[in-house]
Amino acid sequence: MAIFKILFFLLALCIWCGKCDVFYKRVGDDFSMKCGVNSNSDMDWTLNGELILRIKGKSGTRQKGPSHTASKASLNGDTLRVPKLETRDSGNYFCKQSGKQHKVHVVSVFVKPGPVLLKSEAELHCDIAGDSNIKVQWLRPPNNEEYKEKNQVIQLKSVTSEEEGLWTCKVNDDLKLTVTLTVVDLQSTAVNASTGDDIELPCSLPQRVSQRVLGGGWKADHLKEVSFPTLMNTADAGLHWDSKDLSRVNFTTGQLSTNFDVTLKNVQKSDEGLFVCTVEFEGGVILRAEMTLTVVEKKLSVAKGSTERKEKPPPIMESLSKKVYGLKLWIWIAVGASSLILIALIVVIGVVQRRNKRMKKRVRKMRSMRQPLTENNYCQCNSTEKEV
């Protein structure tokens, strides 16, 4: 009560003296204010009567006060600068030497329980620190129409897509703050499957919501014998599926967030029908999503004029039929083999050609080494004239 009395007294004094300037600033803004004295003069700055900074003009000695704003405030000449305003920085800033006061209101806008909501109640806040009685103008989506209530806090009952979008809090012509309201719901789609398949039953939220999940699960009235898991949220394990029967249903064993899908194993024609996913949130909000499963008989591949199934090709044929860089494997093998044969032929031709060259060279050499015959060698006759 004493603090409020001091604030009221300072505001009254400020109005009476005519030296009080009123400012509205958003959370996170920087704010500067002047004392109005010579920069070499002594200056004492206070917030709501509590010292922020004191400076001796002649010596330049500075002293920080006990105010929480003192840790971030700075003084340049006669100008006090307060960066990154918080709601607790609201109040009366007073320069003792000039008697000048600045009334600062820090404004914040937010949604309770959060900006991402289910189809539930919500509170829009446009808090003006230091004065909760000031009226504001709310502008609602989608066309910035003026909302009927002008209070800083407005209540929305059972938020729907009509209230979804950008809300604006207009404090004055110079200060407008916005907040986006998003409404989400469980999402699911119909599923078609063939007999014998393992099929995923979809159920999810498009994004995280502000409300905490308390429980939920899957249900199918026509499958009494199938045990579905249930959602649990505990302090040690967080949000998770709880079940020990995995005979027909598979599910994620880790911590969950927005995805509540489960997998139904080995579906049969008798499994088709309506499945319901339910998620319960704090505040008593329960969301339901329904999906329909349709099961068809799996078609068997049979030969023409025969009721027997086609034989599975040998593994080696399957391997040769696989595609590598756009072509089947057997084509690559054929190209490789042809390349090897071509290379071998080129080598053989080269070897034969080289051998022929060597043979021709050898023949020419032998011919060049042979001695020519003289006339005395052609006929040698030593017989006497009498001999015949």
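Going left to right, the sequence shown walks through residues -20 to -1, 1 to 368 as mature numbering (1 follows the signal peptide of the UniProt record, and there is no 0) numbers them.
Even for Gly, the Cβ is constructed at its ideal location relative to N, Cα and C.
Treat the numbers as computed from the prediction; the structure is a model and nothing was measured.
DSSP beta-bridge partners of Asn15: For the purposes of this step, residue 15 is identified with residue 35 of the sequence shown, where counting begins at 1. Here residue 15 is Cys; the residue named in the question, Asn, does not match the sequence. Cys15 pairs with nothing; no bridge assigned.
Closest by C-alpha distance to Leu211, when choosing among Ser141, Ile266 and Ser112: Walking along the sequence shown from the start, residue 211 turns up at place 231. Closest option to Leu211, Cα to Cα, is Ile266.
Cα-Cα separation, Val17 to Thr41: As a first step, residue 17 must be located in the sequence shown, where it is residue number 37. As a first step, residue 41 must be located in the sequence shown, where it is residue number 61. A straight-line Cα-Cα distance of about 17 Å links Val17 and Thr41.
C-beta atoms of Phe11 and Val62 nearer than 7 Å: On the sequence shown, residue 11 is found 31 positions in, with the first residue counted as 1. On the sequence shown, residue 62 is found 82 positions in, with the first residue counted as 1. A contact, by the Cβ cut-off of 7 Å.
Same chain only: Cβ atoms within 6 Å of Thr148, ignoring 5 sequence neighbours per side: Locating residue 148 in the sequence shown gives position 168, counting from the first residue. Result list for Thr148: Leu119, Lys156 and Thr158, in chain order.
Between the CA atoms of Asn28 and Asp107 - distance to the nearest angstrom: One-based indexing of the sequence shown puts residue 107 at position 127. One-based indexing of the sequence shown puts residue 28 at position 48. For Asp107 and Asn28, the distance between alpha carbons rounds to 19 Å.
Span separating the alpha-carbon of Ala173 from that of Asn131: In the sequence shown, residue 173 corresponds to position 193, counting from 1. In the sequence shown, residue 131 corresponds to position 151, counting from 1. Roughly 55 Å separates the two Cα atoms.
Cβ neighbours of Arg34 in the same chain (closer than 6 Å, five flanking residues each side left out): Working through the sequence shown from its first residue, we reach residue 34 at position 54. Cβ neighbours of Arg34 beyond the five flanking positions: Asp24 and Gln43.
Simplified DSSP state of His202, which is helix, strand or coil: Locating residue 202 in the sequence shown gives position 222, counting from the first residue. It is coil, neither helix nor strand.
Host alpha helix (DSSP H) of Gly316 (start-end): By 1-based counting over the sequence shown, the position of residue 316 is 336. That run of the alpha helix (DSSP H) goes Leu309 to Met349.
Neighbourhood of Lys284 by C-beta distance below 7 Å, restricted to the same chain and skipping five residues each side: As a working mapping, residue 284 is identified with position 304 in the sequence shown. For Lys284, the predicted structure reports a pLDDT of 46, less than 50, and the residue's modelled location is therefore unreliable. A value from the coordinates is still provided. Within the same chain, Lys284 has no close Cβ partners at all.
Euclidean distance between Cα positions of His48 and Ser237: On the sequence shown, residue 48 is found 68 positions in, with the first residue counted as 1. On the sequence shown, residue 237 is found 257 positions in, with the first residue counted as 1. If I take the Cα positions, the gap works out to 39 Å.
Beta carbon of Ser21 nearer than 7 Å to that of Gly37: As a first step, residue 21 is located in the sequence shown; it is residue number 41 there, counting from the start. As a first step, residue 37 is located in the sequence shown; it is residue number 57 there, counting from the start. Yes, the pair counts as a contact, with Cβ atoms nearer than the cut-off.
Neighbourhood of Lys92 by C-beta distance below 6 Å, restricted to the same chain and skipping five residues each side: Sequence index remark: in the sequence shown, residue 92 carries index 112 (1-based). So the qualifying residues of the chain are Glu103.
His82 and Asp1 closer than 7 Å at C-beta: The residue you call residue 82 lines up with position 102 of the sequence shown. The residue you call residue 1 lines up with position 21 of the sequence shown. Contact: yes.
Option in His220, Val151, Arg228 and Lys204 with minimal Cα separation from Gln235: Residue numbering aside, residue 235 sits at position 255 when the sequence shown is read from its first letter. The residue with the shortest Cα to Cα distance from Gln235 is His220.
CA-to-CA distance, Asp177 to Gly316, given in whole angstroms: Taking the first residue of the sequence shown as 1, we reach residue 316 at position 336. Taking the first residue of the sequence shown as 1, we reach residue 177 at position 197. Rounded to whole angstroms, Gly316 and Asp177 show a C-alpha spacing of 42 Å.
Cβ contact check for the segment 268 to 276 and the segment 243 to 256: 3 or more pairs under 8 Å: yes
Best match in His202, Pro121 and Asp153 for proximity to Glu143 [C-alpha to C-alpha]: To locate residue 143, count along the sequence shown from 1; it is residue 163. Ranking the options by Cα distance to Glu143, first place goes to Pro121.
Those residues which DSSP pairs with Gly195 across a bridge: In the sequence shown, residue 195 corresponds to position 215, counting from 1. Gly195 is bridged to Met212 and Glu260.
Cut-off 8 Å between Cβ atoms - residues of its own chain near Val164, not counting five sequence neighbours on either side: Here residue 164 refers to the residue found at position 184 when the sequence shown is read from its first residue. Excluding residues within five positions, the ones whose Cβ falls inside 8 Å are Val96, Leu97, Leu98, Leu185, Pro186, Gln187 and Val189.
Among Ala50, Leu161 and Glu277, nearest to Ser138 - alpha-carbon criterion: Position 158 of the sequence shown holds residue 138. Closest option to Ser138, Cα to Cα, is Leu161.
Beta-carbon spacing of Gly79, Ser19 below 7 Å: Here residue 79 refers to the residue found at position 99 of the sequence shown. Here residue 19 refers to the residue found at position 39 of the sequence shown. Taking 7 Å as the cut-off, the Cβ atoms of Gly79 and Ser19 do not count as close.
CA-to-CA distance, Gly197 to Val247, given in whole angstroms: Residue numbering aside, residue 247 sits at position 267 when the sequence shown is read from its first letter. Residue numbering aside, residue 197 sits at position 217 when the sequence shown is read from its first letter. Roughly 19 Å separates the two Cα atoms.
Assumed close pair Val229, Thr243 - CB separation to whole angstroms, cut-off 8 Å: Indexing the sequence shown from 1 puts residue 229 at position 249. Indexing the sequence shown from 1 puts residue 243 at position 263. With 8 Å as the limit, Val229 and Thr243 qualify as a contact, their Cβ atoms being about 7 Å apart.
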